[in-house]
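Chains as they are written, first to last, in the numbering used here: chain A, 1 to 522; chain B, 523 to 673; chain C, 674 to 765; chain D, 766 to 883.
Yeah, the Cβ is synthetic: ideal placement off N, Cα and C, and Gly gets one too.
Computed from a predicted structure; not experimentally measured.
Structure, as structure tokens:
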């Protein structure tokens with residue numbers, strides 16, 4: 001068991017890759033064997049993630065040097081800097097890992113019946129696994145260039161999956177937009193990495209953080225990195241692609257794309273808090289991120305009001321919710337240098353953002369799965385052409401209501417628990433931000449109530465009279481999300497103590513991240 | 523294409539193959555490696571597609587087989603990486619052993635193929651992957667734009 | 674108007690990059706090289722390879738290459754997925 | 766100024782290529798040209814990376830029959846190799862999507878073939 005945990009950080013990335021390479025071969029022989037291998041493999045990966053999370057939270061940062069004579073040998077003899085690629089797993093990484101592991105399992109379970117009728121399933125599952133492996137790689141790696149490579153894996157497999165439904169022209173357009181945006185963003189990331197490499201001849205994040213001088217070139221690199229990752233996570237003004245791609249992708253893929261976006265947000269935090277840290281001009285950078293957050297909230301919620309397409313509505317709500325996380329993180333970043341402010345409300349704001357991140361993945365995931373279920377049965381996404389679906393698809397209606405209430409931040413659901421953390425801490429930083437947040441939440445509620453009433457209540461339309469509830473595995477997938485939402489809503493304190501608080505502590509503790517790589521060298 | 527082009531392409535393919543395999547298998551001694559050699563051979567296959575037409579090539583290069591070759595190349599790569607997990611993932615466990623285990627003298631030397639540890643094996647895996655992958659992609663694009671479709 | 678702002682953005686970005694890049698990047702031909710010099714000096718013992726770039730690609734940064742091979746694999750799979758012949762007739 | 770430009774000629778070339786790539790991405794609406802823009806942008810980053818690793822009078826970092834002289838930095842060359850392969854993969858995928866879009870809409874103009882707005 002100890003060896004398994006020691007190797008687990010690489011196994012979590014390598015096992016999905018291995019299964020992805022095997023899937024085309026197994027799939028030729030038997031569909032059932034392929035589905036079993038995918039599910040069992042991902043369940044094993046999820047188990048490893050939880051075991052690793054427990055170990056990291058109890059024993060501190062986990063280091064894995066690839067290709068060295070020993071996995072803890074970060075710095076080879078005869079030099080003072082790390083040479084090889086190092087996986088560095090701290091509280092933030094395992095937090096993101098838990099999010100990805102839960103969502104990945106649910107997405108695969110949902111796909112089993114949702115994709116039954118489609119052609120090209122072998123390739124679908126291959127790319128699904130690659131997307132999951134890419135996201136895991138992004139959150140576990142401690143090397144900047146490695147981050148870029150995994151970003152590319154996630155974007156390319158994501159784009160191909162968005163275009164999966166080839167009979168609709170919209171899907172191809174969505175895939176095209178996603179890949180163009182991702183390609184530009186990742187080239188910007190690479191350019192920024194090369195600027196950093198040019199000065200320090202390093203690629204490891206911990207070593208770079210230790211060597212960081214915050215010169216003019218570093219500032220340029222920081223601006224480019226923030227722009228690129230904000231583009232990838234769909235922050236306004238670079239949000240145009242998000243609604244077009246999320247609305248046309250198969251529902252299980254959209255859920256994974258949300259986690260891929262959150263991995264970009266993780267990378268943004270990693271760069272601001274760990275790579276640059278207190279050398280940063282904190283207030284300015286913090287306010288830039290807060291500004292992106294406020295804009296995202298406003299634009300997301302106002303655009304959501306206008307939508308008649310149910311998936312586009314949820315996609316704009318995603319933009320809006322991402323704004324909440326950005327505000328929480330921005331406030332945390334703005335007070336990072338100020339110890340008293342950090343301990344009174346800074347860490348609470350970051351905790352709120354983290355908690356909202358996992359909640360966001362859960363309730364937006366649930367909403368997208370519900371929208372996918374409706375599309376699966378009636379073949380349209382237009383709210384105005386739906387009506388009375390609650391009579392026949394009772395469970396789906398309940399799940400939609402659950403997701404909508406959680407997203408609007410009503411007690412006792414999980415969205416309330418995380419939003420209240422953000423509200424109360426941000427209020428001490430700047431009260432206006434809290435007022436904006438509450439306002440946006442109210443409008444969100446109005447949007448969802450309208451959508452719910454026109455889609456699920458009212459008289460049952462005659463053309464939908466013989467609509468049945470969706471297949472069992474789809475219901476099972478939605479139930480998993482719903483149960484976790486309710487548990488998180490009822491016991492928020494436990495979740496915050498177990499996984500959110502360690503993540504927050506790891507994020508503000510730049511010194512131990514550097515020490516894990518550089519050892520005793522100051 | 524005309525008969526001259528097809529005959530010349532047929533003859534040239536042999537040299538392309540030999541050169542590509544040379545580049546792949548000497549990747550640890552001379553400039554080159556799996557990606558470069560794979561691209562050389564894949565461009566040879568593109569030459570055949572241009573000369574004979576994609577419909578003709580489709581009959582001999584079936585998509586299924588290309589998929590199998592591509593997957594096995596990728597699997598060879600990741601399995602060699604996994605094989606080092608007794609020490610650390612990606613550990614070069616073959617240096618100093620019987621297989622490709624030679625250690626070249628320090629500094630400038632004439633070069634020896636029997637060196638490099640796992641590097642030649644990984645080059646081979648990547649080479650197979652790139653050959654099959656690039657030809658499959660080009661073939662699919664060519665077939666699709668000429669109106670036919672892959673299986 | 675949009676054109677004007679786009680041009681402005683482009684020009685400002687270029688000036689920014691040129692000034693920032695030329696003034697700050699190390700002088701051409703004399704890069705800082707602690708990590709790279711270590712690799713150049715130790716490749717032959719550690720990886721047993723004469724080709725230093727090959728050793729970096731497959732040994733020191735082998736994980737990147739695994740990712741790179743995966744990117745290619747994903748792209749080829751994606752091309753074949755997008756260009757597959759759907760069984761159902763297209764209905765747009 | 767002139768000395769800086771001549772001394773850093775490869776950097777100038779990289780920035781010019783980057784400008785061309787961004788110009789295409791911002792102002793051109795043809796989908797194929799967008800693919801070309803991304804490829805040019807990627808080439809500019811590759812050129813920049815390789816330039817960073819150059820040492821005056823350096824030789825290729827390969828010990829087989831190596832002449833005397835300092836070796837240029839190998840890591841950037843490996844990074845460039847990775848990025849080249851990634852660029853190939855990206856453009857292959859984008860081109861296949863463009864072919865599909867062309868089949869569906871009969872146009873390569875991004876304004877005409879665009880269906881989703883807002």
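Taking residue 295/A as the centre and dropping the five residues before and after it, the same chain places the C-beta of 236 closer than 6 Å to its C-beta, in chain order. By the rule that beta-carbons nearer than 9 Å mark a contact, residue 655/B touches chain C. Taken in chain order, the members of the segment 821-835 of chain D whose beta-carbon sits within less than 9 Å of a beta-carbon on chain B are 825, 827, 828, 829, 830, 831, 832 and 833. Shortest Cα-Cα distance from residue 798/D to any of 860/D, 870/D and 868/D involves 860/D.
For residue 89/A, the uninterrupted beta strand (DSSP E) run begins and ends at 86-89, by DSSP. When DSSP states are grouped into helix, strand and coil, residue 836/D belongs to the strand group.
Residues of the segment 855-867 of chain D that bring their beta carbon within less than 7 Å of a beta carbon in chain B comprise 857, 860, 861 and 864, in sequence order. A direct Cα-to-Cα measurement between residue 341/A and residue 229/A gives close to 27 Å. Contacts between residue 785/D and chain A, judged by CB atoms closer than 7 Å, are missing: the closest CB pair is about 14 Å apart.
Going by C-alpha positions, residue 634/B is about 7 Å away from residue 626/B.
The segment 142-220 of chain A contains, as complete alpha helix (DSSP H) runs of 4+ residues, the segments 144-162, 169-200 and 205-211 (chain order).
If you compare the alpha carbons of 142/A, 166/A, 188/A and 240/A with that of residue 178/A, the shortest gap goes to 240/A.
Straight-line measurement puts the Cα of residue 318/A at about 12 Å from the Cα of residue 244/A. Straight across, the Cα-Cα distance linking residue 585/B with residue 658/B is about 7 Å. Assignment of residue 579/B by DSSP, reduced to helix, strand and coil, places it in the helix class. With fewer than 16 other Cβ atoms from the protein chains shown falling within 10 Å of its own Cβ, residue 490/A counts as exposed. In this structure, the straight-line span from the alpha carbon of residue 301/A to that of residue 440/A is close to 7 Å. Around the C-beta of residue 453/A, fewer than 16 other C-beta atoms lie within 10 Å, and the residue is accordingly described as exposed.
Distance from the Cα of residue 664/B is smallest, within the candidate group 857/D, 869/D and 782/D, for 857/D. Of the residues 275/A, 495/A, 106/A and 99/A, the one whose Cα lies closest to the Cα of residue 214/A is 275/A. Annotation note: the segment 258-309 of chain A contains the following uninterrupted alpha helix (DSSP H) runs of length 4 or greater, listed N- to C-terminal: 282-306. With a threshold of 9 Å between beta carbons, residue 701/C makes contact with chain D. Under the criterion of beta carbons closer than 8 Å, residue 46/A and residue 135/A do not qualify as touching, at roughly 13 Å. Membership of residue 391/A in the alpha helix (DSSP H) is indicated by the continuous run 389-392.
Between the segment 366-376 of chain A and the segment 513-520 of chain A, the count of Cβ pairs shorter than 8 Å is below three; the stretches do not touch.
Contact between residue 846/D and residue 557/B holds, since their C-beta atoms are separated by about 7 Å, short of 8 Å.
Where residue 788/D is concerned, the enclosing alpha helix (DSSP H) starts and stops at 774-792. Chain D places no beta carbon closer than 9 Å to that of residue 496/A, leaving this residue out of the contacts. Take residue 804/D, set aside five residues on each side of it, and the residues of its chain with a beta-carbon closer than 7 Å to its own are 852 and 856, in chain order.
When DSSP reads this structure, residue 134/A sits in no beta bridge, so it has no partner. Close CB contacts of residue 249/A within its chain, under the 6 Å cut and outside five residues either way in sequence, are with 162 (chain order). CA-CA distance, residue 293/A to residue 210/A, rounds to 29 Å. Residue pairing by DSSP leaves residue 629/B without any beta bridge partner. With respect to chain D, the C-beta atom of residue 552/B has a partner C-beta closer than 9 Å. Closest in alpha carbon position to residue 484/A, among 422/A, 414/A, 69/A and 438/A, is 414/A. Residue pairing from DSSP places residue 382/A in a beta bridge opposite 309/A.
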